[in-house]
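Asks:
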């Protein structure tokens, strides 16, 4: 993979042990994919408070961006996850769009869905009314970046994970692992 500039994407789950998190932190490149729920991909029982509690634990070990996926089914959920994570990953919901679309509308349906999710993931947090405290997103706004354009004649870094990575921010000065 390294010879072809493909970053292996490791998955961590709510049940992953600390020893495994440390192992992944030492081997990962690109980003780490946090599977946000126990169960089947695309399930509707996403617990945002559990994600919010788990990410700081992961960030103690992982310096790379952490993408969150599984259970993200719409733009509103993507926006809420984007407030917490460095990246939003959607797979099954896009496959569902492909399955239900008529062949002639398939491309437009997927583009429309992804565009809506991307726009929502970029929206600033709504925050609670009257609150002057910065959101997690605004506190990390300096990390935000797009994956850089490849150098001329190169295809750029590729990732071996599945799904669509909608946004990545570069974490700075946190965690012990990753490079």
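Residue numbers (my numbering): 1 to 179.
Ideal Cβ positions, reconstructed from N, Cα and C, are used throughout, including at glycine.
Pull up the distance between the alpha-carbon of residue 120 and that of residue 67, whole angstroms please.
Replies: Cα to Cα, the separation comes out at about 16 Å.
Asks: Let me check understanding here. Comparing Cα to Cα, which of 103, 64, 102, 113 lies closest to residue 91?
Replies: It is 113.
Asks: By the three-class DSSP mapping on this structure, what secondary structure does residue 72 have?
Replies: Residue state, collapsed to three classes: coil.
Asks: Just to confirm before moving on: does the CB-CB distance between residue 32 and residue 10 stay below 7 Å?
Replies: Going by C-beta atoms, residue 32 is nearer than 7 Å to residue 10.
Asks: Relative to the C-alpha of residue 69, which candidate in 18, 78, 56, 102 has its C-alpha closest?
Replies: Considering only alpha carbons, the answer is 78.
Asks: Whose C-beta lies closer than 8 Å to the C-beta of residue 48 among residues of the same chain, with five residues either side of it excluded?
Replies: Closer than 8 Å at Cβ, skipping near neighbours: 80, 81, 84.
Asks: Terminal residues of the continuous beta strand (DSSP E) containing residue 90?
Replies: Here the beta strand (DSSP E) through residue 90 covers 87 to 90.
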